[in-house]
Amino acid sequence: MEAASNILPDELVKEILSPALRVSDEAFSDTSRKSPFSGYAHTTSSLLLVCKSWLRVATPLLYHIVVLRSKAQAQALDVALRSNKELGVFIKKIRVEGGYGASMKTIYKNAPNVTDLFVSLALYSSDSVSGMCAGFSYINPTRLIIYDLTPICSNSSNRKLTEALANSFKKWDQLKIVVYPSNGYRGAARMETLMNALVDAPALTTIHITVPGYSAPLFLTQFAKKASMEAIYVDDGGYYLNINSPFSGIVDGNPRLKKIVKYVQHTHRSRPNHQASLFGLTLASEPEELESSGELFQAPNPSFALMAAASDTAKDTIWGRILYYHFNPEHKVSFVHYDIKKTRASILTVCKRFHRLGIPLLYERIIIGTEEPARILADRLTTDKSLGQYVRFIYLHGLQTTAFSAQLRRVFARTPNLVEVGGSLYGSYLGSYDSLETPSQLLDWQCFTVLADQAGDNLVELHQGIARASTSKKPAPIFSFKKLRSLRWCTTSRVDFVPSKIPKDALSTLQTLSHVSCNDTFLQLLLHLDLPLLRHMYFPNPERTIGIDIFLRGHGHKLESLQMRYLSNFSPFDLCPSLSTFTMIIFKTEIPKASFFATKKKHTCLTKVVVKANEVSRAQGKHAFNFLGELDLTPFPALREIQVPRCIWPTNEREIAKSLWVVWAEHLLRSNVRLTDSEGKHWTPRLKASRQRC
């Protein structure tokens, strides 16, 4: 690498490295409540280790903008500047998001060229600002950004820092711009102190402040007397500064203020953008804009015929695709309603082509919730027998009634090409297997039998509850599904079978099985089947069944993913040696123990564990995840991730010190396992502050 880099001049290497090392001014000056630097990013300093050429070129770029978010970072920079004083010369912008003790004095002392300074008044009384206050005398910034959008009330630390800033303004003869978004009434006293002192800044030209319209800051009149002032940008803080507000009264009564005060409306109350973008063109919507952009809106040619030269096949392809997105926007299900005028079906009346192309799309996906729509649909399918062939997806919701079941039987009898039947739009269609509840819409056994007889050769997914039958039922309908890949089985009905008469090759295409709130006879039935393709199993509520142990002994060796509720007296890992993903569900008051992950032999396939907490309160959650800090992961050499969707990573030094998630994450990292949150973000250990320097 060294030989290759020597070929390039330093100027070109600088252009290559700059994008990776650059911190945008927008991020540096950001004063939102959540710091843009709160999320961990890979350290850019590693670029300096590539070769000597990169070290020489990248060092000034790395130190150009410094962001300090912890005491440990401040101490590390302190040590670096003490050992090499030339590094401080490169620092132009420095953002300090806390107090960080005595190290700040050394940093400021060795950074004489600072032009942009960001300081935070969001301090706790335990934060030490002595070093920062003492270091202000060594710098002379051009721009100062003060962060004060915090719920923290006044305390000794932010009062001391406020006083130090106020005393420094008259000494900073290069200070031209001050940005100070205030915290309303909580920061009113601090703002009054700083603004009164800021009047004495010799070179001040511009300030950006937040002043709610209900306030009447008297310090504004002092800035009106200051000859160097060019502009005061005022954010209304979310309150419109109308002509009757106290603030507007002060401004309007002073000609000088009226000239230099410029209003910046709060972002949450800003005027909406009345422009639309279409294929890269900006379309104006205001009358005056329409007039000035007349060349974009020429009068249509009355003789123009759309796709006049296209073949019928091309027209069908284009309009068919357009209608597809009309009936299935973003691939969501279209509703078939008994009042056709209130649905998307009205587009079918535009022309014969739309009707011919749209009918299959209209009937492709259907939601049925009550008896009346089911009856109307059944009548239509009976009247026009060609419609049934288009129905491929049916989703059921609502409550079961005898009349509703009767209509469903009529529908199923005329829809032989069904590919999927779901128990609810959001449960089955979106592929949710971890619901602990029984679907509210249950098919009776007669409906299930008709479905198996008519659509058994084509059905791929069945996510539907079966109503409890008064007597045991024969499993023959179950064996009718030849292509079934995904099954969510939910019923309390007993399945009566004779093992010797069961076809072992039944359900031979089944890959995913979810077993919800059932008795164990269905699992016993499955034990007599080969199920060669079964790879994914879900037991979201296994305490209602007693067959999970037996089932896993028979089919567990095939499984690649398993989801089940935590059971204190059962561990699945020895029964599922091929498992790569395991999901454990913690429910309500359950407190898992680390012994759940104990195995008799090493499990070499498991790479990911997901821990979900259903209906676990925040208070209970503190105890529900304690097992993470006690895990012995020696039996799982391939495990690399434990994901906990309830995990929330801390964003500042104070939260990090108190967070149990950090403790658990660093414990797991010793076993080379990452703890991740709902977005898959893992924790990376931060620098630890030395106790010798405060």
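1 is the number of the first residue of the sequence shown in full-length UniProt numbering; add one for each residue after it. Beta carbons: idealized from backbone N, C-alpha and C, even for Gly. Owing to the predicted nature of the structure, the values given are computational and were not obtained by experimental measurement.
* To do: State the beta-bridge partners of V498 as determined by DSSP.
  => By DSSP's assignment, V498 forms no beta bridge with any residue.
* To do: Specify the secondary structure class of residue 700 as computed by DSSP and reduced to three states.
  => Absent from the model: residue 700. The displayed extent of the chain is 1 to 694, so no value can be given.
* To do: With a cut-off of 8 angstroms on the beta carbons, I'd call I502 and L529 a contact; round off their distance for me.
  => Right, the Cβ-Cβ distance comes to about 7 angstroms (below 8 angstroms), so this counts as a contact.
* To do: Could you pull out every residue in the same chain whose Cβ sits closer than 6 angstroms to the Cβ of R414, ignoring the five residues on either side in sequence?
  => Result list for R414: L381, G388, in chain order.
* Asked: Which value, in whole angstroms, describes the spacing of the CA atoms of K170 and V199?
  -> Answer to the nearest angstrom: the Cα atoms are 8 angstroms apart.
* Excluding sequence positions up to five away, which residues of its chain have a Cβ less than 8 angstroms from the Cβ of F354? -> Hits under 8 angstroms: W319, L323, I347, L348.
* Asked: In chain order, what residues of the same chain lie with their CB nearer than 6 angstroms to the CB of S168, ignoring the 5 residues before and after it?
  -> So the qualifying residues of the chain are F136.
* Asked: For E653, does the count of other Cβ atoms within 10 angstroms reach 16, so buried, or fall short, so exposed?
  -> Looking at its Cβ environment, which holds 16 or more other Cβ atoms inside 10 Å, E653 is buried.
* Which word fits T106, buried or exposed, when buried means at least 16 other C-beta atoms lie within 10 angstroms of its C-beta? -> Classification for T106: buried.
* Asked: Three-state secondary structure (DSSP) at T438?
  -> Only weak support exists for where T438 lies, its pLDDT of 48 falling under 50; the value from the coordinates is given anyway. In this structure, DSSP gives T438 a state outside helix and strand, which the three-state scheme calls coil.
* Beta carbon of L123, beta carbon of R33: below 7 angstroms? -> Not closer than 7 angstroms, so no.
* Using DSSP with H/G/I as helix, E/B as strand and the rest coil, what is Y566? -> Three-state result, Y566: coil.
* To do: Have a look at S128 and G99 and give me their C-alpha separation to the nearest angstrom.
  => The C-alpha of G99 is placed about 5 angstroms away from the C-alpha of S128.
* To do: Please say whether N110 and G131 have beta carbons closer to each other than 7 angstroms?
  => Judged by their CB atoms, G131 and N110 are not nearer to each other than the 7 angstroms cut-off.
* Are the segment 152-168 and the segment 189-203 touching, with three or more C-beta to C-beta distances below 8 angstroms? -> The segment 152-168 makes contact with the segment 189-203, as at least three CB pairs between them are under 8 angstroms.
* To do: State buried or exposed for F304, treating a residue as buried only when at least 16 other CB atoms are found within 10 Å of its CB.
  => Exposed is the call here.
* So what's R365 in DSSP terms, helix, strand or just coil? -> Looking at R365 - three-state DSSP - the assignment turns out to be strand.
* Asked: Which ranges would you report for the beta strand (DSSP E) in the segment 351-416 if only whole runs of at least 3 residues count?
  -> If only uninterrupted beta strand (DSSP E) runs of at least 3 residues are considered, those enclosed by the segment 351-416 are 365-368, 393-396.
* Asked: Relative to the alpha-carbon of D457, which residue among T604, T313, F479 has its alpha-carbon at the smallest distance?
  -> Per the Cα distances, F479.
* Asked: Rounded to a whole number of angstroms, what is the C-alpha to C-alpha distance between T492 and P540?
  -> Taking C-alpha positions only, T492 is separated from P540 by approximately 15 angstroms.
* Go ahead and pull the three-state DSSP assignment for residue 751. => The structure shown does not extend to residue 751, since the chain is modelled only from 1 to 694, so the question has no answer here.
* **Contact belief for T512 with P477 at Cβ below 8 angstroms, rounded distance in angstroms** => Here T512 is actually not in contact with P477; their C-beta atoms are around 19 angstroms apart, not less than 8 angstroms.
* **Burial state of P351, where buried means 16 or more other Cβ atoms lie within 10 Å** => Checking the sequence, you will find Cys at residue 351 rather than Pro. It is exposed - the Cβ of C351 has fewer than 16 other Cβ atoms within 10 Å.
* **Short Cβ contact (7 angstroms threshold) for H555 with L534** => Cβ atoms of H555 and L534: closer than 7 angstroms.
* Asked: Do you know whose CA, among A231, P181, P202, lies nearest V211's CA?
  -> Relative to the Cα of V211, the nearest Cα in the group A231, P181, P202 belongs to P181.
* Determine the burial state of residue 696: buried for a count of at least 16 other Cβ atoms within 10 Å of its Cβ, exposed for fewer. => It is not possible to answer for residue 696, since the shown part of the chain is limited to 1 through 694.
* Asked: Helix, strand or coil: which one does DSSP assign to M229?
  -> Secondary structure of M229 (DSSP, three-state): coil.
* Asked: For K473, which residues does DSSP report across the bridge?
  -> Assignment of beta-bridge partners to K473 by DSSP yields V495.
* Integer-rounded CB distance, given that P532 should sit under 8 angstroms from F497 -> Not really, about 20 angstroms apart at Cβ, beyond 8 angstroms.
* Same chain only: Cβ atoms within 6 angstroms of M307, ignoring 5 sequence neighbours per side -> Apart from sequence neighbours up to five positions away, the residues of its chain that approach M307 with a beta-carbon distance below 6 angstroms are K315, ordered along the chain.
* Going along the chain, which residues of its own chain have a beta-carbon closer than 6 angstroms to the beta-carbon of D10, five neighbours each way excluded? -> Excluding positions up to five away in sequence, the list reads V57.
* Return the bridge partner residues of I207 from the DSSP annotation. => Beta-bridge pairing links I207 to V178, I232.
* Asked: Can the beta-carbon of A72 be found closer than 7 angstroms to that of L687?
  -> In this structure, A72 lies near L687, with their beta-carbon atoms less than 7 angstroms apart.
* Asked: From A231 to E655, what does the alpha carbon distance come to, in whole angstroms?
  -> Here the alpha carbon of A231 sits roughly 38 angstroms from the alpha carbon of E655.
* Asked: Once you ignore the five residues that flank I394 on each side, which residues in its own chain have a CB closer than 6 angstroms to its CB?
  -> Counting only Cβ-Cβ distances below 6 angstroms, and skipping sequence neighbours, we find I366, V421.
* **Check whether I91 and Y108 have beta carbons under 7 angstroms apart** => No; because the gap between Cβ atoms is not below 7 angstroms, this pair is not in contact.
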